[in-house]
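First residue of the sequence shown? That's 4 in this note's numbering, and the numbers climb one at a time after it.
Glycine residues also receive a C-beta, built at the ideal position from the N, C-alpha and C atoms.
Here the structure is laid out as structure tokens; the discussion comes afterwards.
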Amino acid sequence: MNDFNGSITRRAKVSEALLWLAAGLVTVGVHAGAVAWLLRGKVVVAADNSPPAAIMIELAAAPEAIQAARNEITPDQKLAEESVRRKEQRGEERPPEQTAEPATRPVQPAEHQEIKEKTVVLDKAEVQLPTEQPKPKPKQETKKQKPKENKPPLRKQQAAAESKVAWQAHVEARQSDRIAAAQTASGLSSMSPANWQSLLMAHLERRKRYPSDARERGARGIAYVRFTIDGAGKVLSASLVRSSGFAELDQEVVALVHRASPVPAPPPGVSRTITVPVNFNVN
4 MNDFNGSITR RAKVSEALLW LAAGLVTVGV HAGAVAWLLR GKVVVAADNS
54 PPAAIMIELA AAPEAIQAAR NEITPDQKLA EESVRRKEQR GEERPPEQTA
104 EPATRPVQPA EHQEIKEKTV VLDKAEVQLP TEQPKPKPKQ ETKKQKPKEN
154 KPPLRKQQAA AESKVAWQAH VEARQSDRIA AAQTASGLSS MSPANWQSLL
204 MAHLERRKRY PSDARERGAR GIAYVRFTID GAGKVLSASL VRSSGFAELD
254 QEVVALVHRA SPVPAPPPGV SRTITVPVNF NVN
């Protein structure tokens, strides 16, 4: 393969030399023809009509020139040509190495470079900032509506007032009972019937209750009740003698006598069956 390539190269060089030689010969021939033409124009025809002198152009020098050109190549030149040819063959066998062009980085201003370096330092540090925990939302205080106090009706208020009065009357009655018992024990014989009767009426009055229904309707009147007691003042029986005109008031009179038992003990010689009036007045 190398010999073939060398022969081709030699042939190319020989053909190139022949072309240059032919061009030189053509140039010389053209100039010679021009000179001959000029000289021919100046030739004077002889009178004797003798033939013109012939101009001889020798073209046999071309092979000698080629042979001389071939002979002028020295052995050193042949060795140089062979070495050049071998290098060219090696260059054809090996693909040309592609040299990567160094990527040119744009030159940044000094300020940007400083900022970049600072940023790199911060990235290497990896300082973890404490994350702020979301603050809990304040609970909206819902105003609790206080339940409306249902005012008790007028009847209940009156009943409560009456029960309070009755309790106070009961306490006072107990106290009066004790006083009456003490007085009975100390000197029943010295108490007059009129004084005992006043004491009895005061005892019943403290325990009297006004029915709320009758009070609201404005019911009022006087009811008479008859009751029997023993020597110690304990009520044995009670009954209505005269009505007040209102059933609630009549029932309250009978209940009053049983609620007031025992009453102050009667003095000696006084009847133990008593009839007393009980007055119910709104005012």
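Might you give, ordered along the chain, the residues of its own chain that have their beta carbon closer than 7 Å to the beta carbon of residue i, omitting 5 neighbours on each side?
i           : result
residue 226 : 243, 245, 246, 247, 252, 253, 256, 281
residue 231 : 239, 240, 275, 276
residue 260 : 228, 230, 238, 241
residue 216 : 251
residue 36  : none
Please classify residue i: does DSSP put it in a helix, a strand, or coil?
i           : result
residue 103 : A caution first: residue 103 carries a pLDDT of 49, below 50, which makes its placement in the model too unreliable to give a value.
residue 273 : coil
residue 247 : coil
residue 14  : helix
residue 284 : coil
residue 264 : coil
residue 23  : helix
residue 36  : helix
residue 218 : helix
residue 193 : coil
residue 210 : coil
residue 241 : strand
residue 3   : Here the chain covers residues 4 to 286 and nothing more, so residue 3 does not appear.
Between residue i and the ligand SAH, is there a pair consisting of the residue's CB and a ligand heavy atom that are separated by less than 7 Å?
i          : result
residue 36 : As far as ligands go, the structure on display features none, and thus does not contain the ligand SAH.
Whose C-alpha, out of the options, is nearest the C-alpha of residue i?
i           : options            : result
residue 206 : 233, 265, 21, 285  : 265
residue 198 : 167, 271, 262, 258 : 271
residue 200 : 170, 82, 279, 25   : 279
residue 222 : 236, 84, 284, 41   : 284
residue 233 : 217, 250, 268      : 268
residue 193 : 219, 82, 273       : 273
residue 86  : 41, 12, 34         : 12
residue 89  : 43, 22, 249, 10    : 10
residue 258 : 39, 40, 214        : 214
residue 208 : 220, 224, 263      : 263
residue 236 : 42, 202, 17        : 202
residue 170 : 212, 204, 196, 195 : 212
Distance cutoff 8 Å, beta carbons only. Does residue i sit that close to anything in chain D?
i          : result
residue 83 : In the structure shown, chain D does not exist; there is a single protein chain.
Buried or exposed, going by whether 16 or more other CB atoms sit within 10 Å of the CB of residue i?
i           : result
residue 228 : buried
residue 210 : buried
residue 46  : Because the pLDDT at residue 46 is just 48, under 50, the model does not fix this residue reliably, and the point stays unresolved.
Using C-beta distances below 8 Å, list every residue in its chain close to residue i, excluding the 5 sequence neighbours before and after it, in chain order.
i          : result
residue 15 : none
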